[in-house]
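Novice: Just so you know, my numbering puts 131 at position 131 of the sequence shown, and the rest follows in order with no gaps.
Backbone N, C-alpha and C fix where the C-beta goes; we use that ideal spot for every residue, glycine too.
Bear in mind that the values here come from a model prediction, so they are computed numbers and not experimental data.
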Amino acid sequence: MSSLSRELVFLILQFLEEEKFKESVHKLEQESGFFFNMKYFEEKAQAGEWDEVEKYLSGFTKVDDNRYSMKIFFEIRKQKYLEALDRHDRAKAVEILVKDLKVFSTFNEELYKEITQLLTLDNFRENEQLSKYGDTKSARSIMLIELKKLIEANPLFRDKLVFPTLKTSRLRTLINQSLNWQHQLCKNPRPNPDIKTLFTDHTCAPPNGARAPTPVTLPVAAVGKPATYAPLGSHGPFPPAAAAANANALAGWMANATASSSVQSAVVAASSITVPPNQVSILKRPRTPPNALGMVDYQNTDHEQLMKRLRSAQPVDEATYPAPLQQTSWSLDDLPQTVTCSIPQGSNVTSMDFHPSHYSLLLVGSGNGEITLWEIGLQKRLVAKPFKIWDMSTCSLQFQTAIVKDSSISVTRVTWSPDGNWMGVAFTKHLIHLYAYQGPNDLRQQLEIEAHVGSINDLAFSHPNKQLCVVTCGDDKLIKVWDLSGRKLYTFEGHEAPVHSVCPHHKENIQFIFSTAIDGKIKAWLYDNVGSRVDYDAPGHGCTTMLYSADGSRLFSCGTSKDGDSFLVEWNESEGAIKRTYLGFRKKSNGVVQFDTTQNHFLAAGEDHQIKFWDVDNVNILTSTDAGGGLPSLPRLRFNKEGNLLAVTTADNGFKILANADGLGCLRAFENQSFEALRAPIEPAPVKVSSAAVVSNINTNMTRLDRLERSSPARPSNMLNGVDLTSRCIEKSRSSDDISEKTKLWELTEIVDHGQCRVVTMSENADPACKVARLLYTNSGVGILALGSNGIQKLWKWGRSEQNPSGKATASVAPQHWQPSSGLLMTNDVSDAKPEGVPCIALSKNDSYVMSARGGKVSLFNMMTFKVMTTFMPPPPTSTFLAFHPQDNNIIAIGMEDSTIHIYNVRVDEVKTKLKGHNKRITGLAFSTNLNILISSGADAQLCIWNTDTWEKRKSISIQLPAGKAPIGDTRVQFHSDQVRLLVSHETQLAIYEASKMDRIRQWVPQDVLPAPISCAAYSCNSQLVYATFCDGNIGVFDADGLRLRCRIAPSVYLSQTVSSSNTVYPLVVAAHPQEPNQLAVGLIDGSVKVIEPAESEGKWGVTAPVDNGIPNGRTAASSTTSNPASEQIQR
């Protein structure tokens, strides 16, 4: 078959799909053998329609074509056979064995015999190789994973798995173009040709009288259904009159679309409007004779208004942007470049947005699905909302299946409405959430919408017809518009790839939306059902985001191509062309560069671990900053509306706030205000106050918000309690405070009684004979999981209340000992376990599953029901340490008693490889995704580095022990949030290593106020602190960078006087809260768990020991050693 014939088949397939001829589509796929529809194949296999599965396959391959094909057919028939056995339908099983499976006996007779013997078993799962066979649905899913790999590897399917990229309704377009051409050849073209058939060439009947050729309009019914396909002209933007104008931005794009556009020049040429000489530039490329066929036009009210503007528009050279504001002088000092604070979020930050009126209120979305509201001026988390499905009963079965299969979910976008009263959240699976904002501590959930199939990639607010609406886009290639009651107003179809972003905007009273897809296509839509008005290519043909300047007069876009080249450009809206391309991107990017604009004058983009700035009128880079280091390769960023603050994401799952001089002044003034003032909503209008009132208010402790005048100018307010926070006159001078602080003699903070901090105890059914052997916070931060030495796990959860509105773990409120209604306990298999079996535990990233063992099999528990999902790895040897692979929950690293490490795949129940390098049992495992390594530690005091791509050992070292100390005891490892530095703890020391080379950077040994052996240690969530517990009951809090002791918590703080004086009860394990850096939990040998936080008045543990102060008071407890030759000997 010729190439053109093959392409015609693809056009017919597209047409059949669009017209919903489902059976015909797949019949043609099979008979032509040109396109293998993997989705259809999977659907039929999941439904168990085995005859249709094989029939469809037969169009592409036969059983004996090659070994891949043979394996494909064997897996299908084997599954059909096992299902018949599972139904106890032996007659059907025998039929399948004889008719379907017999053919494979000539290739592997032993296998055929083994399959036959399954008929003799009451339950084929008695066969050892089939013992893991689950239910029918899961077995089909596992089979399909294998089949997909075989099909992709089979050379007969090469070039048949991907459907060619076609514009929507391509066959109809070609037919319309043919009709246009036929009409142009008519001797007597009529204005309204009566086209009734495609079976013969079109020709117009001779008129009764002579007439001049004129533009004509093709009736809608002439070719097809406008609901599913618009004739050729309607792919163009507007009726003929539209082409003669250019002042409106959208019209400019439409009239000048490039060859890649679906906007046709015929529309322009068919215009019946007289074109002034100064507008001839618009019509440079007419491709159709003047008597060309005009096309269908769908009009609405907005369209009419737009047409009126277009007809009276100015010429290109005269119509640009609205009159600029009075020129303002700018300098580099106007850019926010000073780092004011670094705030840990606890999970990677995926989206940020400042409130439109409250300049320091920042909304943050995270990779774990949580949204958080921060008051930057106080560095205070006001509200945290972990992801949850508000009403599962209203969700589609498709979504429910997807969330059960993989419950992990991330935030893709958070944004405020223009008035700041609403906020929207988009997620990576189907849903958006809308909240009403009532005040700093009050986000009320309002609406949950299942908006798209798959990921929702962007969300924005718009105002069509003076009604606040939400615009969304997603992986299903659609853009949708919703009102605030959840009613869908519009669905825009036309993109041929997942839609990456949306940019709603308006020019005067014309509302429109720009959208961009991952294939680099830019489209524009009016709020109607006509379709895209623009089809343009973004620079680089990659993921692109579009933004308008603050005054709405200038349009910018930034995107990254598939090859990693980034493009930041300004568009000439009048001509729909690129006005300037900004320079300064150096490296190829693995992701999409993010950008923002502020003050109508600056652009900023995150690239190469930096923030780069441009003046909008100059293509050369203005300046750049690395914000003190710690930025990811492609940091996300967001300006506040005033442009004096800039939020930037960091590599350690947090963000930094950068400020200019005005921003610093605002934040300092804000710090001096009473936080109580924040508890009432701040209205977005400034207060008119006299200078005297300002002075008096500064000198008093205000506990209320003065009522703000609504008659004040409508601009964002920087007023709080009647004080202009941006005014330089109220900045508090801190130089004297700074000098006095530096001159103070630093002293170690020692906490020795209950009143100096907050403690809550969890001791339900505590068994003094059962130690807390392992301790974990849930990743969401709302619970604590403890594994006892008896193999039983306990879970405590905090609920939302007036005392604890966030519902997070806290030492201020006692949690509940949580169990499912069934009363089940999470009890590990200890039937074959030795009494000295080592407890071990690991929690999945989404908190759905916990894996643990205590000398017996490893058990996988469901965290909601406490049921055992599966068990694996029966001893010997026993498991001693467990760790989920950070990028694949199906891969688990299991440290063993015999010193090996098993890399185990849960899904296929198979040990992929065994790592050998230690001499004693494994005591610690830690993955680094940045370095692609696994670090293991053992009871032999050795550390090994393994390459996670090949699982080869790269290096091993021994930790430095004190002279005469035998290499015994547990060595634990944990990565810093930068995934490069490594904390190593042993009873004799704490040490920090640079993991890529395993060079030791710092070391601390027990001494002075903390002389006892170390029982456990852990980084705080932001990796700024190290918590260490000791065998005498003391707890040390260290600065992580230098391992300098900053605080000692005595056992008398959390133990009764009788117990603390006995020195028999002490913490075995310590865990750090995943979001609160100053909260820790300890598990004790008496079976109880304690959560400890600083007193609310303090807020943190002690003060950092100044490096240049030396060791104060002659005390050496804060000392640490480095790896320098001079200090290689451990100091005692």
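Nearest-angstrom Cα distance between residue 740 and residue 1022?
Specialist: Taking the first residue of the sequence shown as 1, we reach residue 740 at position 740. Taking the first residue of the sequence shown as 1, we reach residue 1022 at position 1022. Because the pLDDT of residue 740 is 42, which lies under 50, any placement of that residue in the model is unreliable, and the number read from its coordinates should be weighed accordingly. Cα to Cα, the separation comes out at about 29 Å.
Novice: From residue 263 to residue 534, what does the alpha carbon distance come to, in whole angstroms?
Specialist: As a first step, residue 263 must be located in the sequence shown, where it is residue number 263. As a first step, residue 534 must be located in the sequence shown, where it is residue number 534. Note that residue 263 scores a pLDDT of 33, beneath 50, so its modelled location is shaky and nothing firm can be said.
Novice: Among 932, 379, 475, 749, which one has its Cα closest to the Cα of residue 980?
Specialist: For the purposes of this step, residue 980 is taken as residue 980 along the sequence shown, with counting starting at 1. Ranking the options by Cα distance to residue 980, first place goes to 932.
Novice: Buried or exposed: where does residue 443 fall if 16 or more other Cβ atoms within 10 Å of its Cβ makes it buried?
Specialist: The sequence position of residue 443 within the sequence shown is 443, counting from 1. Buried: at least 16 other Cβ atoms inside 10 Å.
Novice: Just to confirm, is the Cβ distance from residue 809 to residue 370 under 9 Å?
Specialist: Here residue 809 refers to the residue found at position 809 of the sequence shown. Here residue 370 refers to the residue found at position 370 of the sequence shown. Taking 9 Å as the Cβ cut-off, residue 809 and residue 370 do not qualify as a contacting pair.
Novice: Give me whichever residues DSSP pairs with residue 875 in a beta bridge.
Specialist: As a working note, residue 875 is residue 875 in the sequence shown. DSSP, once it has assigned bridges, lists no residue as partnering residue 875.
Novice: Skipping 5 residues on each side, what residues in its chain have a beta carbon closer than 7 Å to that of residue 881?
Specialist: Translated into the one-based positions of the sequence shown, residue 881 becomes position 881. Around residue 881: 840, 895, 922, 923, 924, 925.
Novice: Report the three-state DSSP secondary structure of residue 750 (helix, strand or coil).
Specialist: For this step, residue 750 is matched to residue 750 along the sequence shown. Reduced to three states, the DSSP call for residue 750 is strand.
Novice: Within the continuous alpha helix (DSSP H) that includes residue 143, where are the two ends?
Specialist: Position 143 of the sequence shown, counting from 1, holds the residue named residue 143. Residue 143 -> alpha helix (DSSP H) spans 136–153.
Novice: Buried or exposed: which applies to residue 963, given that a residue is buried once 16 or more other Cβ atoms fall within 10 Å of its Cβ?
Specialist: As a working note, residue 963 is residue 963 in the sequence shown. With fewer than 16 other Cβ atoms within 10 Å, it is exposed.
Novice: Can you list, in chain order, the residues of its chain whose CB lies under 6 Å from that of residue 1035, leaving out five sequence neighbours each side?
Specialist: Position 1035 of the sequence shown holds residue 1035. Taken in chain order, the residues that qualify are 1029, 1049.
Novice: Determine the extent of the alpha helix (DSSP H) in which residue 398 is found, giving its start and end residues.
Specialist: Walking along the sequence shown from the start, residue 398 turns up at place 398. From DSSP, the alpha helix (DSSP H) with residue 398 extends over 397–405.
Novice: Based on the DSSP output, what are the partners of residue 1039 in its beta bridges?
Specialist: Here residue 1039 corresponds to residue number 1039 of the sequence shown, with the count starting at 1. 1025, 1044, per the DSSP bridge assignment.
Novice: For residue 165, count neighbouring Cβ atoms within 10 angstroms of its own Cβ and tell me buried if that reaches 16, exposed if not.
Specialist: By 1-based counting over the sequence shown, the position of residue 165 is 165. Answer is exposed; the Cβ neighbour count stays below 16.
Novice: Measure from the alpha carbon of residue 199 to the alpha carbon of each residue in 188, 186, 179, 187, then state which is nearest.
Specialist: Taking the first residue of the sequence shown as position 1, residue 199 is located at position 199. Ranking the options by Cα distance to residue 199, first place goes to 179.
Novice: Measure the alpha-carbon distance for residue 225 versus residue 573 and round it to whole angstroms.
Specialist: Residue mapping note: residue 225 aligns to position 225 of the sequence shown, counting from 1. Residue mapping note: residue 573 aligns to position 573 of the sequence shown, counting from 1. In this predicted model, residue 225 has a pLDDT of only 35, less than 50, meaning its place in the structure is not dependable; the value taken from the coordinates is given anyway. Taking the straight line joining both Cα atoms gives about 33 Å.
Novice: Is residue 35 closer than 9 Å to residue 171 when the C-beta atoms are compared?
Specialist: What you label residue 171 is simply residue 171 of the sequence shown in a count that begins at 1. What you label residue 35 is simply residue 35 of the sequence shown in a count that begins at 1. No, they are not a contact pair.
Novice: Using the C-alpha atoms, what's the distance from residue 376 back to residue 654?
Specialist: Mapped onto the sequence shown, residue 654 falls at position 654. Mapped onto the sequence shown, residue 376 falls at position 376. Straight-line Cα distance between these residues: approximately 13 Å.
Novice: So residue 455 and residue 483 are in contact, right, with Cβ under 8 Å, and what is the actual spacing, rounded?
Specialist: Locating residue 455 in the sequence shown gives position 455, counting from the first residue. Locating residue 483 in the sequence shown gives position 483, counting from the first residue. Their Cβ separation, rounded to whole angstroms, is 23 Å, which puts residue 455 and residue 483 out of contact at 8 Å.
Novice: Evaluate residue 805 with the Cβ neighbour count: other Cβ atoms within 10 Å of its Cβ, from every protein chain shown; 16 or more gives buried, anything less gives exposed.
Specialist: Numbered from 1 along the sequence shown, position 805 holds the residue referred to as residue 805. With fewer than 16 Cβ atoms within 10 Å of its Cβ, residue 805 is classed as exposed.
Novice: Please go through the same chain and pick out, in chain order, the residues whose beta-carbon is closer than 7 Å to the beta-carbon of residue 301, but skip the five residues on each side of it.
Specialist: For this step, residue 301 is matched to residue 301 along the sequence shown. Annotation note: pLDDT 42 at residue 301 (below 50); position unreliable, coordinate value reported separately. The answer is none, since no qualifying residue turns up.
Novice: Which residue's Cα is closest to the Cα of residue 424: 461, 968, 753, 502?
Specialist: Walking along the sequence shown from the start, residue 424 turns up at place 424. The shortest C-alpha separation from residue 424 is found at 461.
Novice: By alpha-carbon positions, which one of 659, 1102, 522 ends up nearest to residue 556?
Specialist: The residue labelled residue 556 in the question sits at position 556 within the sequence shown. Checked all of 659, 1102, 522; the closest Cα to residue 556 is 522.
Novice: Is residue 115 helix, strand or coil by DSSP?
Specialist: Indexing the sequence shown from 1 puts residue 115 at position 115. Residue state, collapsed to three classes: helix.
Novice: Residue 630 to residue 486, Cα distance in whole Å?
Specialist: As a position in the sequence shown, residue 630 is number 630, starting the count at 1. As a position in the sequence shown, residue 486 is number 486, starting the count at 1. Rounded to whole angstroms, residue 630 to residue 486 spans 41 Å at the Cα level.
Novice: Starting from residue 1064, trace the beta strand (DSSP E) both ways and give me its first and last residue.
Specialist: For the purposes of this step, residue 1064 is taken as residue 1064 along the sequence shown, with counting starting at 1. No beta strand (DSSP E) holds residue 1064; DSSP gives it neither H nor E.
Novice: Taking the Cβ atom as the reference point for each residue, do residue 81 and residue 101 lie within a distance shorter than 9 Å?
Specialist: If you number the sequence shown from 1, residue 81 lands on position 81. If you number the sequence shown from 1, residue 101 lands on position 101. Yes, they are a contact pair.
Novice: Report yes if the C-beta distance between residue 366 and residue 350 is below 9 Å; otherwise report no.
Specialist: Working through the sequence shown from its first residue, we reach residue 366 at position 366. Working through the sequence shown from its first residue, we reach residue 350 at position 350. A contact, by the Cβ cut-off of 9 Å.
Novice: Hey, how far is the Cα of residue 837 from the Cα of residue 1014?
Specialist: Position 837 of the sequence shown, counting from 1, holds the residue named residue 837. Position 1014 of the sequence shown, counting from 1, holds the residue named residue 1014. C-alpha separation (whole angstroms): 21 Å.
Novice: Bridge partners of residue 1090, per DSSP?
Specialist: Position 1090 of the sequence shown, counted from the start, is the residue given in the question as residue 1090. By DSSP's assignment, residue 1090 forms a beta bridge with 761, 1082.
Novice: With H, G and I counted as helix, E and B as strand and the rest as coil, what does DSSP make of residue 32?
Specialist: As a first step, residue 32 is located in the sequence shown; it is residue number 32 there, counting from the start. In this structure, residue 32 counts as helix in the three-state DSSP scheme.
Novice: I need the DSSP call for residue 810, collapsed to helix, strand or coil.
Specialist: Here residue 810 refers to the residue found at position 810 of the sequence shown. Residue state, collapsed to three classes: coil.
Novice: Return the CA-CA distance between residue 1083 and residue 1070, expressed in angstroms with no decimal places.
Specialist: Counted from its first residue, the sequence shown places residue 1083 at position 1083. Counted from its first residue, the sequence shown places residue 1070 at position 1070. In a straight line, the C-alpha of residue 1083 is about 6 Å away from that of residue 1070.
Novice: Can you tell me which of 1024, 623, 1057 puts its alpha carbon nearest to the alpha carbon of residue 1043?
Specialist: Here residue 1043 corresponds to residue number 1043 of the sequence shown, with the count starting at 1. Residue 1024 is the option with its Cα nearest to residue 1043.
Novice: Closest by CA to residue 1144, which one among 582, 599, 589, 604?
Specialist: Residue coverage of the chain in this structure runs from 1 to 1132, which leaves residue 1144 outside it and unanswerable.
Novice: Taking the alpha carbon of residue 786 as the reference point, which residue from 771, 779, 798 has its own alpha carbon closest?
Specialist: Working through the sequence shown from its first residue, we reach residue 786 at position 786. When only C-alpha atoms are compared, the closest one is 771.
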